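In the working numbering, the protein residues as written are -16 to 184. Every residue gets a Cβ at the ideal spot worked out from N, C-alpha and C, and that includes glycine. These numbers come from a predicted model, not from an experiment. Inspection log for the structure reproduced underneath, given as structure tokens.
Structural data, given as structure tokens:
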């Protein structure tokens, strides 16, 4: 037996409630809102989501999301190819870009090392980062991970992996509170943290 007068509504609410931060009450409100809209608007939303799911790619260089093999940042000749900013996820790329303080390239790890969650170095894009640096031409790697135990563990691991290559490794300044996620940090604070980054010993 469904919770609502329609089994189809119940199914739609159940699927919507699987989204992060969306409970069943909010899911119901969203689904009912969509049902009140013109069919073409709902179809347009569904089509956009399907296209995003099936057609968005991962940049073969930095692993950012992209419509093409190379993302617009990696393919931009104006970017400083000698600097790589290492971030946890795509949202962090957007957060750093919003500061307009960084003109280099990025490397998206896809997470951080977290033994409690069963995530080890091999589950992340760390090997591909080491390969990029190993190819030469990189002067500095900036570690821009969250100020958490997992972020610090990942920073330490990457620093050790890059140590034999002689590349400069720095971390964003700790103007960001311990435990804060990059994507929720205000642009001014994040921008200053990039500019005032500190070398990793």
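For residue 53, no beta strand (DSSP E) encloses it, and the DSSP letter there is neither H nor E. Excluding its 5 nearest sequence neighbours in each direction, residue 28 has C-beta neighbours in its own chain below 8 Å: 17, listed in chain order. A Cβ-Cβ distance of about 5 Å is found for the pair residue 126 and residue 154, placing them in contact under the 8 Å criterion.
The segment 126 to 144 makes contact with the segment 88 to 97, as at least three CB pairs between them are under 8 Å. Under the DSSP assignment, residue 117 falls in the alpha helix (DSSP H) whose first and last residues are 109 to 117. Bridge partners of residue 91 according to DSSP: 70. Straight through space, the alpha carbons of residue 124 and residue 44 are spaced by roughly 15 Å. Going by C-alpha positions, residue 40 is about 9 Å away from residue 53. DSSP places residue 21 outside both helix and strand once states are collapsed to three, so it counts as coil. Residue 13 is not bridged by DSSP to any residue.
The continuous stretches of alpha helix (DSSP H) do not include residue 126, which lies in the beta strand (DSSP E) extending over residues 123 to 126. Look at residue 43 here: in three-state DSSP terms it is coil, with no helix or strand label. Here the alpha carbon of residue 26 sits roughly 16 Å from the alpha carbon of residue 37. DSSP places residue 151 in the uninterrupted beta strand (DSSP E) bounded by 151 to 154. The C-beta of residue 72 has 16 or more other C-beta atoms within 10 Å across all chains shown, which makes the residue buried. With respect to residue 67, residue 121 sits close: the two C-beta atoms are nearer than 7 Å.
Judged by their CB atoms, residue 70 and residue 76 are nearer to each other than the 7 Å cut-off.
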